[in-house]
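Positions 4 to 265 (the working numbering) are the ones given, in order, by the sequence shown.
Every residue, glycine too, gets a C-beta built ideally from N, C-alpha and C.
Here the structure is a predicted model, which means the values were calculated and not measured.
Input: a single structure, listed below in structure tokens.
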Amino acid sequence: MTDEPRRRPTLAVWKFASCDGCQLTLLDCEDELLSLAGQVDIAHFLEASSASGPGPYDLSLVEGSVTTRQDIDRIHHVRAVSRRLVTIGACATAGGVQALRNFADVDEFRAAVYARPDYIATLATSTPVSAHVPVDLELRGCPIDRRQLLEVITAHLAGRTPDIPAHSVCFECKQRGTVCVTVAHGTPCLGPVTHAGCGAICPTFGRGCYGCFGPGNSTNLPAFVPLLRRDGMDTLDVVRVLRTFNTAAPEFDAAARKELER
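So, in structure tokens, the structure goes:
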């Protein structure tokens, strides 16, 4: 009697309100993706194929924020059919750019954009997936970093915890030997309070970090924001830089609100 072949783990990729950039990061893995395809069954990934296998799925990657009532029902379904759920990107982890609606009149926006706003069904807020269902891991970024994405998938295949750094972008600047743009040029930079993962791309090219990977695990924004003002930002500038990619991140939101109260 021969042993039955070992079942390959199943992978599902889901899209909610987003630009698809994080899913494209997975497709852009190219050679690595071909190697992974031999180790997992990609059972649901509509960005890549219309074929969709039934759940349950061993690993689900979820891109996008929750912005409609249908999204709420669907994310509960995704959680129910997923053994492990990982949110990918700023939209899924912190509401994304579309969470700017959280501080405005959505009905007014809808009337300005659409000829028949009564046809558009949406919630007043854009919220991260974790606001609705338990999440096993959040992968930050706008878009996510391909190296971190591959680390998450390979760690799942190996049955270990993904090695995702918890330090700030400043640490990555030091690793690359990048001169601090704030110290050297007085350029406002969110690097000290932003989660690592991008490889410090912006400071490497001489501009300040704008926080697309969201707040780091240990931030002191009350002490940090005065440094942004010291380097030339006014109240509106500070609020704008905090309310861009990770508007609904509690740490950035609290700092922006406090700045508006000044």
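| Residue from Lys18, Leu142, Pro168 with nearest C-alpha to Ile156 | Counting from 1 along the sequence shown, the entry for residue 156 is found at position 153. By alpha-carbon distance to Ile156, the top candidate from Lys18, Leu142, Pro168 is Leu142.
| So the alpha helix (DSSP H) Glu154 belongs to, where does it begin and stop? | Here residue 154 is taken as the residue at index 151 of the sequence shown, counted from 1. Glu154 -> alpha helix (DSSP H) spans 149–161.
| message | So, under 8 Å CB-CB, Ala124 and Ser68 are touching, yes? Tell me the CB distance rounded to an integer number of Å. | response | Within the sequence shown, numbered from 1, the residue matching residue 124 stands at position 121. Within the sequence shown, numbered from 1, the residue matching residue 68 stands at position 65. Beta-carbon to beta-carbon, Ala124 and Ser68 are separated by about 16 Å, too far to satisfy the 8 Å threshold.
| Where Leu224 falls: helix, strand or coil (DSSP) | The residue given as residue 224 occupies position 221 in the sequence shown. Helix, per DSSP.
| query | Do you know offhand how far Phe48's Cα is from Lys261's? | reply | For this step, residue 48 is matched to residue 45 along the sequence shown. For this step, residue 261 is matched to residue 258 along the sequence shown. As the crow flies, the alpha-carbon of Phe48 is around 41 Å from that of Lys261.
| What are the residues that DSSP puts in a beta bridge with Thr181? | Position 178 of the sequence shown, counted from the start, is the residue given in the question as residue 181. DSSP, once it has assigned bridges, lists no residue as partnering Thr181.
| query | Taking the Cβ atom as the reference point for each residue, do Ala127 and Val138 lie within a distance shorter than 7 Å? | reply | The residue labelled residue 127 in the question sits at position 124 within the sequence shown. The residue labelled residue 138 in the question sits at position 135 within the sequence shown. The beta carbons of Ala127 and Val138 sit no closer together than 7 Å.
| message | Tell me the residue span of the alpha helix (DSSP H) that contains Leu39. | response | As a working note, residue 39 is residue 36 in the sequence shown. 34–40 is the span of the alpha helix (DSSP H), which, as asked, contains Leu39.
| query | What does Lys261 pair with, by DSSP beta-bridge criteria? | reply | Within the sequence shown, numbered from 1, the residue matching residue 261 stands at position 258. In DSSP, Lys261 forms no bridge with anything.
| said: Taking the alpha carbon of Gly59 as the reference point, which residue from Pro12, Thr222, Val186, Gly217 has its own alpha carbon closest? | reply: Taking the sequence shown and counting its residues from 1, one reaches residue 59 at position 56. According to the sequence shown, residue 59 is Pro rather than Gly. Selected option, being the one with the closest Cα: Pro12.
| message | Can you check which of these residues, Arg179, Glu50, Ser55, is closest to Asp44 by C-alpha distance? | response | Stepping through the sequence shown from its first residue, residue 44 is reached at position 41. With distances taken between Cα atoms, Asp44 lies closest to Ser55.
| task | Put His79 into one of helix, strand or coil per three-state DSSP. | result | Position 76 of the sequence shown, counting from 1, holds the residue named residue 79. Looking at His79 - three-state DSSP - the assignment turns out to be helix.
| Taking buried to mean at least 16 other C-beta atoms within 10 Å of its own C-beta, is Val244 buried or exposed? | Translated into the one-based positions of the sequence shown, residue 244 becomes position 241. Taking every protein chain shown into account, the CB of Val244 has 16 or more other CB atoms within 10 angstroms, so this residue is buried.
| request: Consult DSSP for Phe48 and reduce its assignment to one of helix, strand or coil. | output: For the purposes of this step, residue 48 is identified with residue 45 of the sequence shown, where counting begins at 1. The three-state secondary structure of Phe48, taken from DSSP, is strand.
| query | How many angstroms separate the CA atom of Leu263 from the CA atom of Arg163? | reply | What you label residue 263 is simply residue 260 of the sequence shown in a count that begins at 1. What you label residue 163 is simply residue 160 of the sequence shown in a count that begins at 1. Each residue's Cα considered, the two are about 43 Å apart.
| query | Can you list, in chain order, the residues of its chain whose CB lies under 8 Å from that of Phe288, leaving out five sequence neighbours each side? | reply | This structure cannot speak to residue 288, because the chain is shown only from 4 to 265.
| request: Buried or exposed for Gln151, please, with buried defined as at least 16 other CB atoms from any protein chain shown within 10 angstroms of its CB. | output: In the sequence shown, counting from the first residue as 1, residue 151 sits at position 148. Sixteen is the threshold: when 16 or more other Cβ atoms of the shown chains lie within 10 Å of the Cβ of Gln151, as they do, the residue is buried.
| Which whole-angstrom value describes the C-beta separation of Ala93 and Cys22, a residue pair presumed to lie in contact below a C-beta threshold of 8 Å? | Indexing the sequence shown from 1 puts residue 93 at position 90. Indexing the sequence shown from 1 puts residue 22 at position 19. In this structure Ala93 is not in contact with Cys22, their Cβ atoms being roughly 10 Å apart against a cut-off of 8 Å.
| query | By Cβ distance below 7 Å, which residues in the same chain neighbour Met4 in space, the five residues on each side in sequence not counted? | reply | By 1-based counting over the sequence shown, the position of residue 4 is 1. Here Met4 scores only 47 on pLDDT, less than 50, and its place in the model is too uncertain to base an answer on.
| field | When Ser52, Thr71, Val84 are compared against Gly98, the one with the closest alpha-carbon | value | Residue 98 sits at position 95 when you count from the first residue of the sequence shown. Among Ser52, Thr71, Val84, the Cα nearest to that of Gly98 is on Thr71.
| request: Give, in chain order, every unbroken run of the alpha helix (DSSP H) that is at least 4 residues long and sits entirely within the region 188–261. | output: When DSSP assignments are scanned along the region 188–261, the uninterrupted stretches of alpha helix (DSSP H) that are 4 or more residues long and fall wholly within it turn out to be 204–207, 224–233, 238–245.
| query | What is the DSSP secondary structure of Gly144, counted as helix, strand or coil? | reply | Indexing the sequence shown from 1 puts residue 144 at position 141. Reduced to three states, the DSSP call for Gly144 is strand.
| message | Would you call the region 203–210 in contact with the region 233–241, where contact means no fewer than 3 C-beta pairs closer than 8 Å? | response | No: the two stretches stay apart, fewer than three of their Cβ pairs being nearer than 8 Å.
| task | Starting from the C-beta of Ile75, find all residues in its chain whose C-beta is less than 7 Å away, skip the five residues before and the five after it, and write them out in chain order. | result | Position 72 of the sequence shown, counted from the first residue, corresponds to residue 75. Within the same chain, Cβ atoms closer than 7 Å to the Cβ of Ile75 are found at Val69, His135, the five residues on either side in sequence being excluded.
| field | Sequence-distant residues of the same chain with beta carbon closer than 7 Å to Cys192, five excluded per side | value | Looking up residue 192 in the sequence shown gives position 189. Hits under 7 Å: Val184, Thr185, Pro206, Gly211, Cys212.
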